[in-house]
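In this note's numbering, the protein residues as written are 1097 to 1186.
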């Protein structure tokens, strides 16, 4: 659940299309939860999604999505809970 990645995707698409950033809405299908991940999933679901403010992304000079480099963009106000350690499911 890397919200910063989704915020960056929304930012870049808005820049390329010349539109104002809005909301990125997605749909998850065929979700799998392995037995050894149940406790981690419970921990994830217990966390307050509104604890941290939404991250802010700024790109100084925009040319094109195809010319964009990570160094062109800065991420501000990103906060996250500690990672939930999970074993690899086999």
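Ideal Cβ positions, reconstructed from N, Cα and C, are used throughout, including at glycine.
Which residues DSSP lists as bridging residue i, in chain order
| i | result |
| --- | --- |
| residue 1115 | DSSP output for residue 1115 lists no bridge partner at all. |
| residue 1172 | 1152 |
Rounded separation between residue i and residue j - CA only
| i | j | result |
| --- | --- | --- |
| residue 1119 | residue 1104 | 12 Å |
| residue 1169 | residue 1157 | 9 Å |
| residue 1058 | residue 1099 | In this structure the chain extends from 1097 to 1186, so residue 1058 is not present and cannot be described. |
| residue 1136 | residue 1145 | 16 Å |
| residue 1140 | residue 1174 | 18 Å |
Of the listed residues the options, nearest to residue i (C-alpha basis)
| i | options | result |
| --- | --- | --- |
| residue 1114 | 1132, 1134 and 1159 | 1159 |
| residue 1130 | 1138, 1150 and 1179 | 1138 |
| residue 1151 | 1127, 1161, 1171 and 1134 | 1171 |
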